[in-house]
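Counted the way the working numbering counts, the sequence shown spans residues 4 to 202. Virtual Cβ for every residue (Gly too), placed ideally from N, Cα, C. Computed from a predicted structure; not experimentally measured.
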Amino acid sequence: MQSDIHLDATADVKTSTGEWHMRVYTDAHHNADHIALIKGTIDSDSAILVRVHSECLTGDVLGSQHCDCGPQKERALAVIADAGSGIFLYMKQEGRGIGLVNKIKAYAIQQEQGLDTYEANKALGLPEDLREYGVAAQILADCGVKKIRLLTNNPDKVAGLRAHGLDIVDQVSVEIAPNGVNDGYLKAKREHGHMLGGL
4 MQSDIHLDAT ADVKTSTGEW HMRVYTDAHH NADHIALIKG TIDSDSAILV
54 RVHSECLTGD VLGSQHCDCG PQKERALAVI ADAGSGIFLY MKQEGRGIGL
104 VNKIKAYAIQ QEQGLDTYEA NKALGLPEDL REYGVAAQIL ADCGVKKIRL
154 LTNNPDKVAG LRAHGLDIVD QVSVEIAPNG VNDGYLKAKR EHGHMLGGL
């Protein structure tokens, strides 16, 4: 398989969850930069704890209560930090791959018409989910990862990474409790197969 990625920059960064090694990859096919945050030493013979996290400006940066992205990001970073090793991928796939402008348009439709997040995408003539996992698989392979304990509630993410040759030996839940604002969002995700038993 031809690689779509190029490692362009590396540095160590200290965060609230300790020190990480950052690798920034350029994805020429999608004209995007993706980040691999590596905690500790990666043993390619072991199952590595991994989170593949899609960018969410509203949740990750602004603290939006409409989704669970920000709390999932924080939980995953903490779980990997507590384990002492693992990889957190931050993928430029805003709004499940539809981009920020379309995501905000979908927000408006949800508010105006009472649609859920998936219905709003369809109302805009967009797929429910445009993400693909080939680039994430290439980045993980470049980091020496073969076997994964994947931090996700999303079975499509598991299937997507497996389709690109990664051995996912365990799916680790990162379920976040509803906050009163995102209840409908989480119910829609559960209806689309996400492992969300606490609703």
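Pull up the distance between the alpha-carbon of residue i and that of residue j, whole angstroms please.
i: Thr13; j: Gln141; result: 17 angstroms
i: Ile107; j: Val53; result: 28 angstroms
i: Cys59; j: Leu65; result: 9 angstroms
i: Ser180; j: Cys72; result: The sequence as given places Ala at residue 180; Ser does not occur at that position. Whole-angstrom Cα-Cα distance: 12 angstroms.
i: Gly137; j: Leu164; result: 7 angstroms
i: Val177; j: Ala31; result: 30 angstroms
i: Ser19; j: Tyr28; result: 23 angstroms
i: Cys70; j: Asp132; result: 15 angstroms
i: Thr61; j: Ser67; result: 5 angstroms
Can you name the residues that DSSP bridges to residue i?
i: Ile8; result: Asp30
i: Thr18; result: Gly21
i: Lys150; result: Ala50 and Asp170
i: Thr13; result: Arg26
i: Val175; result: Leu154
Taking the beta carbon of residue i as the centre, do at least 16 other beta carbons fall within 10 Å, making it buried, or is it exposed?
i: Gly89; result: buried
i: Ala139; result: buried
i: Asp46; result: exposed
Where does the unbroken beta strand (DSSP E) through residue i begin, and where does it stop?
i: Ile38; result: Ala35 to Lys42
i: Gly89; result: Gly89 to Met94
i: Ala50; result: Ala50 to Ser57
For residue i, report the span of its alpha helix (DSSP H) as first-last.
i: Thr120; result: Thr120 to Ala126
Measuring CB atoms only, is the segment 74 to 82 touching the segment 114 to 121, in the sense that at least three cross pairs come out at less than 8 angstroms?
no
Cβ pair count under 8 angstroms reaching 3, the segment 31 to 42 against the segment 84 to 102:
yes
Stretch pair the segment 120 to 128 + the segment 141 to 156: three plus CB contacts closer than 8 angstroms:
no
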